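First residue of the sequence shown? That's 51 in this note's numbering, and the numbers climb one at a time after it.
To keep things clear, I will list the structure first and then write my remarks on it.
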Amino acid sequence: MHTFGYRANAVLTFSVTILALICAIASFSDNFNFPSPSAQIQVTNFNWFQKQSRGNDEVSLTMNITADLQSLFTWNTKQAFVFVAADFLQTYEASMELNPFAFSFPLIHIQALDKPLESFSFTTSNVSLWDAIIPAKEHAKFWIQTTNKYRFVDQGSNLRGKEFNMTLHWHVMPKTGKMFADKLVMPGFRFPEEYR
């Protein structure tokens, strides 16, 4: 007959194979979940909107965040990381000195009425305002009134009267398998015309 070592090896190999199969099925089953989260963000107040001593615009705002993210959770979901970001376009003149270490994405060039095509360029800026970790489905439907958790500073004085979007991002972390992310963009917000 077989020794204890051979039998232990067979049991361990069989157990690991079954565990790997269960993990693969759990990961594959997430492909059949089609989440339909909903969210709404309201900016209720600009607490202050000022120009710093270095010339940069700084904003503090109060917002209401209502979200139902329960459809993101399945039996394979460990937790979800959620954050709200403000997205806006910034205009730079091509002759301006830009920090080469700044994180920006040049998107397009525009034609100004009195300047050549290469005079201006747009970059998209994203500023994280609030975040949270949702540990379970029971906590995934929420309403919160909060001020921005992180400083909202623009590198320059370009925010007055500018339109911006509020975007709710989420990253779902499964117990096994790959992580996925998505977002809901809510347009139609505008900074005040004057400093407060």
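We treat Cβ as the ideally placed atom computed from N, Cα and C, and that holds for glycine.
Note that the coordinates shown come from a computational prediction; the quantities given were computed from them, not determined experimentally.
- Cβ neighbours of F151 in the same chain (closer than 8 Å, five flanking residues each side left out): Residue confidence is low: F151 scores 46 on pLDDT, short of 50, so the model does not pin down where it sits. Its coordinate-derived value is still stated next. None.
- Query: Just curious, the alpha helix (DSSP H) that T63 is in, first and last residue?
  - Reply: Looking at the DSSP string, the run of the alpha helix (DSSP H) that includes T63 is F54 to S79.
- Task: For the stretch 87 to 139, list the beta strand (DSSP E) runs that are entirely contained and at least 3 residues long, ordered along the chain.
- Result: As far as the stretch 87 to 139 is concerned, its whole beta strand (DSSP E) runs of at least 3 residues are 88 to 101 and 107 to 118.
- Terminal residues of the continuous beta strand (DSSP E) containing A231? Per DSSP, A231 belongs to the beta strand (DSSP E) from F230 to R240.
- Query: If you check the beta carbons only, do M236 and Q129 fall under 7 Å apart?
  - Reply: No, they are not a contact pair.
- Where K191 sits in the DSSP three-state scheme: It is a strand residue.
- Neighbourhood of T196 by C-beta, 8 Å cutoff - its chain only, sequence neighbours within 5 removed: Here the set comprises T112, M113, I115 and W180.
- Message: At the level of alpha carbons, what is the spacing between Y56 and F64?
- Response: Approximately 12 Å between the Cα atoms of the pair.
- According to DSSP, residues forming a beta bridge with S330: Since the first residue of the chain shown is 51 and the last is 246, residue 330 is not available in this structure.
- For F202, which residues does DSSP report across the bridge? Beta-bridge pairing links F202 to V109.
- Task: Please go through the same chain and pick out, in chain order, the residues whose beta-carbon is closer than 7 Å to the beta-carbon of S145, but skip the five residues on each side of it.
- Result: Confidence at S145 is low in this model, with a pLDDT of 48, below 50, so its placement is unreliable and no value can be given for it.
- Query: Is G227 closer than 7 Å to D80 when the C-beta atoms are compared?
  - Reply: In this structure, the beta-carbon distance from D80 to G227 falls below 7 Å.
- Task: Could you check how far apart the C-beta atoms of F138 and S86 are, in whole angstroms? I think they sit under 8 Å.
- Result: The pair is not a contact, with the Cβ atoms about 28 Å apart (cut-off 8 Å).
- Task: Verify whether the separation of the beta carbon atoms of A89 and V132 is less than 7 Å.
- Result: Cβ distance not < 7 Å, so A89 and V132 don't count as in contact.
- Per DSSP, P185 is paired with what? Per DSSP, none; premise fails for P185.
- Assuming Q120 contacts K191 under a Cβ cut-off of 8 Å, what Cβ separation, rounded to an integer in Å, is found between them? Indeed, because the Cβ distance is near 6 Å, the residues count as touching under 8 Å.
- Which word fits T217, buried or exposed, when buried means at least 16 other C-beta atoms lie within 10 angstroms of its C-beta? T217 comes out buried.
- Task: Could you give the DSSP three-state label for F82: helix, strand or coil?
- Result: In the structure shown, F82 sits in a helix (DSSP, three-state: H, G or I).
- Item | CB of K187 within 7 Å of CB of F123, strictly | At the C-beta level, K187 and F123 come within 7 Å of one another.
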